[in-house]
Amino acid sequence: MDMDEAVLKITDDLKKRYSDLKILGVDSLKHDDTLKEYSIIVKYKVRNEDRATVYYFDEAGNILRHFNL
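In this note's numbering, the protein residues as written are 121 to 189.
This is the structure we're talking about:
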């Protein structure tokens, strides 16, 4: 899994929930060898509110879960 693929999947997921989405920034993609998963934090704006969410992916690139920060 690479950074571009992760950002595309996150953007698609967020656009399903928010129509007025603006991506502000993305931290680097990190891999956890123990859990065999990737994580990435994305910062975005929805209705003039800044938000951040951490997304977790399996090694095949599927979104496992996400948490708002």
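Just so you know, even glycine gets a beta-carbon here, dropped at the ideal spot from N, CA and C.
Quantities reported herein were computed from a predicted structural model and do not represent experimental measurements.
Rounded Cβ spacing between residue i and residue j (contact assumed at less than 8 Å)
{"i": "residue 189", "j": "residue 174", "result": "6 Å"}
Residue of the options minimising C-alpha distance to residue i
{"i": "residue 168", "options": "139, 176, 127", "result": "139"}
{"i": "residue 187", "options": "171, 181, 180, 179", "result": "171"}
{"i": "residue 163", "options": "184, 123, 145", "result": "145"}
{"i": "residue 155", "options": "122, 178, 136", "result": "178"}
{"i": "residue 151", "options": "183, 182, 127, 176", "result": "176"}
{"i": "residue 147", "options": "134, 136, 126", "result": "126"}
Counted within 10 angstroms of its Cβ, other Cβ atoms place residue i as buried (16 or more) or exposed
{"i": "residue 159", "result": "buried"}
{"i": "residue 118", "result": "No answer is possible for residue 118: the residues shown for the chain start at 121 and end at 189."}
{"i": "residue 180", "result": "exposed"}
Sequence-distant residues of the same chain with beta carbon closer than 7 Å to residue i, five excluded per side
{"i": "residue 142", "result": "164, 165"}
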